[in-house]
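Chemist:
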Amino acid sequence: MYTLFAYPNSYAMTAHAVLEEIGVPYDVRWVQIFSDQVDPDFARASPHARVPALVTDEGTIFETGAVAMYLAERHADADLLVPIGTSGRGAFLQWFHYLASTLQPDVMIQFHPELYFPNDEDTQNQFLAASMTRLEKVLDVIEGLLTHGPYFCGDKRTILDYLFVMQAVWPEIFPGRVEDYPRIHNLISTLLARPAVARVYDIHMDEKRTPLKADGTEAPNGYGIRR
Ligand SMILES: N[C@@H](CCC(=O)N[C@@H](CS)C(=O)NCC(=O)O)C(=O)O
Numbered sequence: 008m009y010t011l012f013a014y015p016n017s018y019a020m021t022a023h024a025v026l027e028e029i030g031v032p033y034d035v036r037w038v039q040i041f042s043d044q045v046d047p048d049f050a051r052a053s054p055h056a057r058v059p060a061l062v063t064d065e066g067t068i069f070e071t072g073a074v075a076m077y078l079a080e081r082h083a084d085a086d087l088l089v090p091i092g093t094s095g096r097g098a099f100l101q102w103f104h105y106l107a108s109t110l111q112p113d114v115m116i117q118f119h120p121e122l123y124f125p126n127d128e129d130t131q132n133q134f135l136a137a138s139m140t141r142l143e144k145v146l147d148v149i150e151g152l153l154t155h156g157p158y159f160c161g162d163k164r165t166i167l168d169y170l171f172v173m174q175a176v177w178p179e180i181f182p183g184r185v186e187d188y189p190r191i192h193n194l195i196s197t198l199l200a201r202p203a204v205a206r207v208y209d210i211h212m213d214e215k216r217t218p219l220k221a222d223g224t225e226a227p228n229g230y231g232i233r234r
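In the numbering used here, the protein residues as written are 8 to 234.
Here it is in structure tokens:
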């Protein structure tokens, strides 16, 4: 049995979708982020108090990519990997790291420029615009990749698709409309049509799940809201 530390509509959605897709037993423990009062178990599992973090029977894991890869390797029958020693493994690794180190930093900037330039709205706006230019290039590269098939690895669905789509459901990361990227749009629709993914998406978008802050007021509902 796994336990996922999660916050609604956040990077935890990816790990949650992979757990649900694989179909293993798990609990979700909803925790506060951006808070002075961090759940002590969550703090032990995630040193920056960021979601997701996963409790397993052999220890805890943080970082979305690591959680997804760990689950896919451990439950290989779900067939969400390009295995070591098979053709396409290099490309699989490349896109895995691309999503974490090239896409994700600019996605985070789009939601939290104030973490870099507190109390300086002009600089935050310049930073947002520069970061969006970088995101446009990333989205163009992914749109080009998807000419080879509906998924990152052509016809084979892998964790890469979950790692990308659960960020691409945030309209804030697109310079215009998601429909301007027809292949990305198709990948998002294809994955969200899967019952496991749809269940998780609905849970995370449910306003009623918005956790309460320590003072009893509602916390913002995840990354769908720019602070
Ligand atoms: N690189 C990390 C990023 C995780 C992350 O930043 N999660 C956000 C929510 S989407 C968070 O918990 N932020 C709280 C904070 O930065 O204090 C991953 O992919 O797991």
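We put the beta carbon where it would ideally sit given N, CA and C, even for glycine.
Looking only at its chain, what residues have a beta carbon closer than 6 Å to the beta carbon of Leu87, apart from the 5 residues adjacent to it on each side?
Modeler: So the list reads Ala79, Thr165 and Ile166, once near-sequence residues are dropped.
Chemist: Is the beta carbon of Ala175 sitting closer than 8 Å to the one on Glu27?
Modeler: no
Chemist: Taking C-alpha atoms, which residue in Glu65, Asp84 and Arg57 lies nearest to Thr71?
Modeler: The shortest C-alpha separation from Thr71 is found at Arg57.
Chemist: If I measure Cβ to Cβ from Arg233 and keep anything under 7 Å in the same chain, skipping five residues before and after, which residues do I get?
Modeler: Unreliable placement is indicated for Arg233, whose pLDDT of 32 sits below 50; no coordinate value is reported for it.
Chemist: Look up Asp127 in the DSSP assignment and say whether it is helix, strand or coil.
Modeler: Reduced to three states, the DSSP call for Asp127 is coil.
Chemist: DSSP three-state call for Thr10: helix, strand or coil?
Modeler: strand
Chemist: How is Val89 classed by DSSP in three states: helix, strand or coil?
Modeler: coil
Chemist: If you draw a straight line from the alpha carbon of Gly97 to that of Asp147, how long is it in whole angstroms?
Modeler: 21 Å
Chemist: Between the alpha carbons of Leu106 and Gln44, how many angstroms are there, rounded?
Modeler: 30 Å
Chemist: Are there any heavy atoms of ligand 1 lying less than 7 Å away from the beta-carbon of Glu4, as far as the coordinates show?
Modeler: Past the edges of the chain, shown from 8 to 234, lies residue 4, and the structure says nothing about it.
Chemist: Going by C-alpha distance, which of Tyr169, Gln101 and Leu122 is nearest Ile29?
Modeler: Tyr169
Chemist: Residues in the same chain with beta-carbon distance under 6 Å from Thr10, minus the five sequence neighbours each way, listed in chain order, please.
Modeler: Asp34, Arg36 and Val62
Chemist: Using DSSP with H/G/I as helix, E/B as strand and the rest coil, what is Phe118?
Modeler: helix
Chemist: Thinking C-alpha only, which one of Arg184, Gly183 and Met173 is nearest Arg201?
Modeler: The residue among Arg184, Gly183 and Met173 with its C-alpha nearest the C-alpha of Arg201 is Met173.
Chemist: So Ala50 and Thr67 are in contact, right, with Cβ under 8 Å, and what is the actual spacing, rounded?
Modeler: At roughly 11 Å, the Cβ-Cβ gap does not stay under 8 Å, so Ala50 and Thr67 are not in contact.
Chemist: Compute every distance between the C-beta of Phe41 and the non-hydrogen atoms of ligand 3, then say whether any falls below 7 Å.
Modeler: Looking at this structure, you won't find ligand 3 anywhere; what it does contain is ligand 1.
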